[in-house]
Amino acid sequence: MMDISDDVLRDLHRRMVRIRQFEEGAGKLAEQAKLPGFLHLYVGEEAVAAGACAALTDEDQITSTHRGHGHLVAKGGDFRRMMAELMGRATGYCKGKGGSMHISDLSLGMLGANGIVGAGTPIAVGAAFANRYRDNGKVALAFFGDGATNIGAFHEAANMACALHLPIVFMCENNGYGEFTPREKTMAITDVVDRAAGYGMPGVIVDGMDAVAVYEAAVEAVARARAGDGPTMIEAKTYRYYNHHGVQNMGVQYRTDDEIEAWKKRDPISGLEARMAELGVMSADDATAVWAEVEAELGDAVQFAEDSPFPEPEALLSDVYTVMEGAAR
Amino acid sequence: MTATETAVGEKSYVEAVSGTIAQLMREDDDIFVAGEDVGAFGGVFSTFLGLHAEFGDRRVVDTPISEQAIVGLGIGAAVTGLRPIVDLMFMDFVLVAMDQLANQAAKLKYMFGGEATMPLTITTTGGAGLSAAAQHSQSLEAILCHIPGLKVVFPSNAYDMKGLLVSCVREDNPTVVVKNKLLLGTSCPVPDDLYAIPLGVADVVKEGRDVTIVAVGRMVNEALVAAEKLAADGIECEIVDPRTLQPFDTDTVVASAKKTNRIVVVHEAVQFGGIGAEMTAQITEGAFDYLDAPIHRIGAPFAPVPFSPALEQHYVPNAAKIEAGVRQVLGR
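Those protein sequences? They're chains Z and G, same order as listed. Counted the way the numbering used here counts, the first sequence spans residues 151 to 479. Counted the way the numbering used here counts, the second sequence spans residues -13 to 318.
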């Protein structure tokens, strides 16, 4: 167990509260039909993004998934530009062209949420390759779900990363379900991390409801990658409180209420708050202040997004290509 | 030779690939090559021969047989600032990598609201004629041209290969360079120095007044053979080589149609839904009132590429089919 400073604890807490508030806020807006398209909420899984991103520098890169808001928030994403993107506004991160599933911020090293399961992992391999090519000391971290480990792109990426010995961390968010199908129906192993050995990288299981545990594992894996010792796979056992997408119960029971409640009792944020209170790092008032501060940030972001213009029709055809100087067309 | 003139020597299509990449790599350390067998072996078609010896493991990277990850490697490296050249050994294998190509490389910039640049060059080798059968012979350019965000070049000779490859590697967008198997050994005069042929500019290979043959890739050579034969009967063919298929040089093709009033389009790919269908539509839209006959399309029949030479020779379009097509649109 490494020595975790009070500042790290506060940092982890803040990152998680920002994710939770952003996602709950987005869920409410979706219920009011203010968000077009699909919405894959990260609520419940906050410890994974927070713990992993706290172990990275601002310059390190991440690739994300369809459930990507939490990753961008954890990497320092701007609420205003995020909310505007979710509402399809011109001021959004992607000028309203990407939406929830393609939200990105290259300046933060966030190489995109991704609508295709597993597809971010080969891209993370490319970023890691570039880091080593330039010897810039940066590390790439790929977030992906348990379901993504069943798709070919993941296998190719994991094998290539290990064969080329690249500075990368594979961060598996095992929430137990691939969309609406339980993990045990889609793979014959219980621990996804068993797959790591097949590629020749160490695999670590952590409690994905414990941001400190995720952070500790990530720090070690990132250090290993940065030192040139190759990839690591971390499996964080976690849970999503909402459905695969949206906030509504879709009328079909595919998880028991008991199961959901059992995971909620291990909530990553209240768990960390209790621990910090015990350690005397954060009083109830301190915690309330953080929530209030983030709530104000969210309110401002929602207002900003609602006040923002939709993209003009002309924007439809821009950004398909980078316009080359002197090009014929 | 004056000081400003560059030396020109006979070079093969293969050398136009490997030699040009070497020249580009010498001037830009951000360029690297990755793919199956591209290292010391030099690629199964020798199009990367000599690169590993000069640039080493760091810049010439042998990869696992993992087409998705090869393209993904290129995407991740390109979006973080490098200028990768990645190879998909056979054009058929493009289909294996299609998600990374079509859903990722092509769309990242747009999905990110323009923030990303994707200076990624994908080289691949297509075409039939070597009894390589249904999974190692296809021409799949139409599928690639259908994806907004990609650019696709199809050089028909060593000179164009060098100039188009230079443009593709210097391009800040994902490009696909299609090499053709039966052109690998062909050669023509090619300047030693680097030069760029702009993307989206067709080449009028031969001028003529009676009919326009729009020919893609190796079919340009077949069209030249047909044109020579037809010339003996006093039929003057104009041959247009689009060179780049996406973006497509509509203006040059339509101008030629307005001049000759009769059109044959020919490519090696399956005719149904091929790039020739798009060309035909564009010519009809741009020069309908000038056309004296229906546009004649020539492509492969609607069947997978067969193995036996006895079948394959009937599958791939050739000079005889082009000649017959020209006679049909001319009615003589």
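Where a beta carbon is used, it is the ideal one built from N, C-alpha and C, also for glycine.
First and last residue of the uninterrupted alpha helix (DSSP H) at Z:S420: That run of the alpha helix (DSSP H) goes P418 to L429.
Beta-carbon separation (whole angstroms), G:I61 vs G:V155, contact threshold 8 Å: No, G:I61 and G:V155 are not in contact; Cβ-Cβ is about 16 Å, not under 8 Å.
Under 9 Å between C-beta atoms of Z:G249 and Z:T215: No, they are not a contact pair.
Alpha-carbon to alpha-carbon, G:G220 and G:R318: Their Cα atoms are separated by approximately 11 Å.
Completely contained beta strand (DSSP E) runs for the region 203 to 234 of chain Z, where each covers 3 or more residues: As far as the region 203 to 234 of chain Z is concerned, its whole beta strand (DSSP E) runs of at least 3 residues are 211 to 213.
Exposure of Z:Y283, with buried meaning 16 or more beta-carbon neighbours within 10 Å: Z:Y283 should be labelled buried.
Local Cβ density within 10 Å of Z:V473, reported as buried at 16 or more and exposed below that: Looking at its Cβ environment, which holds fewer than 16 other Cβ atoms inside 10 Å, Z:V473 is exposed.
CB contact flag (G:R283, G:T266, <9 Å): Yes, they are a contact pair.
Contact with chain Z by G:A305, beta-carbon distance below 9 Å: No, G:A305 does not count as interfacial toward chain Z.
For Z:D255: DSSP bridge partner residues: Looking at the DSSP output, Z:D255 shares a beta bridge with Z:M260.
Burial state of G:Y(-1) (16 or more Cβ within 10 Å): With 16 or more other Cβ atoms from the protein chains shown falling within 10 Å of its own Cβ, G:Y(-1) counts as buried.
Simplified DSSP assignment, three categories, for Z:D407: DSSP places Z:D407 in helix when its eight states are reduced to three.
Residue from Z:M233, Z:I212, Z:G238 and Z:A424 whose Cα sits closest to the Cα of Z:S257: Ranking Z:M233, Z:I212, Z:G238 and Z:A424 by CA distance to the CA of Z:S257 puts Z:I212 first.
Any C-beta of chain G under 9 Å from that of Z:P272: At least one CB atom of chain G sits nearer than 9 Å to the CB of Z:P272.
Identity of the residues DSSP links to Z:C322 by a beta bridge: For Z:C322, which the question treats as bridged, DSSP gives the partners Z:F294 and Z:E385.
Cβ pair Z:G265, Z:V364 closer than 9 Å: Z:V364 sits away from Z:G265, with the two beta carbons spaced by 9 Å or more.
Chain Z contact residues for G:R44, given Cβ-Cβ distances below 8 Å: Near G:R44 (Cβ distances below 8 Å), the residues of chain Z are Y283.
Within-9 Å CB hit, Z:A202 to chain G: With a threshold of 9 Å between beta carbons, Z:A202 makes no contact with chain G.
Reduced DSSP category for Z:V244 - H, G, I as helix; E, B as strand; rest coil: Here residue 244 of chain Z turns out to be Cys, not Val, going by the sequence shown. Coil.
Bridge-paired residues (DSSP) for G:V19: According to DSSP, which records beta bridges pairwise, G:V19 is partnered with G:V46 and G:I71.
Sequence-distant residues of its chain with Cβ nearer than 6 Å to Z:E423 (five each side left out): The answer, listed in chain order, is A437.
Residue nearest to G:L116 in terms of C-alpha spacing, selected from G:L316, G:E298, G:G311 and G:A64: Of the candidates G:L316, G:E298, G:G311 and G:A64, the one whose C-alpha sits nearest the C-alpha of G:L116 is G:E298.
Any C-beta of chain G under 9 Å from that of Z:S468: Yes, Z:S468 lies at the interface with chain G (some Cβ there is under 9 Å from its Cβ).
Other residues of its chain near G:G285: CB distance less than 8 Å, five sequence neighbours each side excluded: Contacts found: V252, H253, E254, A255, V256, Q257, F258, G260, G262 and P303.
Cβ-based burial, G:M(-13) [other Cβ within 10 Å; buried from 16]: Unreliable positioning characterises G:M(-13) in this predicted model, as indicated by a pLDDT of 43, which lies under 50. The coordinate reading is nonetheless provided below. When all chains shown are included, G:M(-13) counts as exposed.
Per DSSP, the bridge partner or partners of G:G149: DSSP output for G:G149 lists no bridge partner at all.
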